[in-house]
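Working notes, beginning with the structure itself.
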Amino acid sequence: MYFRCYGQYPSRGFDHSILTDSLGIELLKLRRERFGLTFLFKILQNSIDSPFLLSKINIRVPRPGLRRNNTFYVTYSRSNVMSRSPINFICNLYDVCCGRCDIYFDRLAVILACHSEQRIGMS
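All residue numbers for the sequence shown refer to the UniProt record's numbering, where the first residue is 1 and numbers rise by one.
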């Protein structure tokens, strides 16, 4: 893309965030997170009918009076294999980024906007 825009290849050590910002390209990490949240939303709203996947999502049911606002219970893992599994990753991502949203009540656009606002605030 850099070559098409400027007619030469970027120098070594070039910051690619400048190019992605100027061309309006979304980073792969952000796309993966957005698609993960969309997938989680569709599983919980029954747009994707998969009882097996739904059974793998650990929904936290807090005791009355507790202020814990995590929606999902993400199990602790001693290795990266379990912590990077897709279900654990997207449940943890929702708990971290979308604390002000309700995945059972809000629309998908609201949840994705909340995620985008959180990511902009982290930059």
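Where a beta carbon is used, it is the ideal one built from N, C-alpha and C, also for glycine.
Can you tell me where the alpha helix (DSSP H) holding Gly65 begins and where it ends? Premise fails: Gly65 is in no alpha helix (DSSP H) and is neither H nor E.
With DSSP run on the structure shown, which of helix, strand or coil describes residue 127? Nothing can be reported for residue 127: it is not among the residues displayed for the chain, which extend from 1 to 123.
Taking all protein chains shown into account, do 16 or more other C-beta atoms lie within 10 angstroms of the C-beta of Cys5, making it buried, or fewer, making it exposed? exposed
So, do the stretch 32–49 and the stretch 92–103 have three or more beta carbon pairs nearer to each other than 8 Å? yes
DSSP three-state label for Phe72, please. strand
Please state if the CB of Asn58 and the CB of Tyr73 are separated by a distance shorter than 7 Å. yes
Please name the residue in Leu108, Arg107, Cys98, Leu54 whose C-alpha comes closest to that of Arg119. Cys98
If you reduce the DSSP assignment to three classes, tell me which class Asn80 lands in. helix
Could you check how far apart the C-beta atoms of Leu108 and Phe14 are, in whole angstroms? I think they sit under 8 Å. Leu108 to Phe14, Cβ: 35 Å. No contact.
Just to confirm the assignment, what range does the alpha helix (DSSP H) spanning Gly36 have? 28–44
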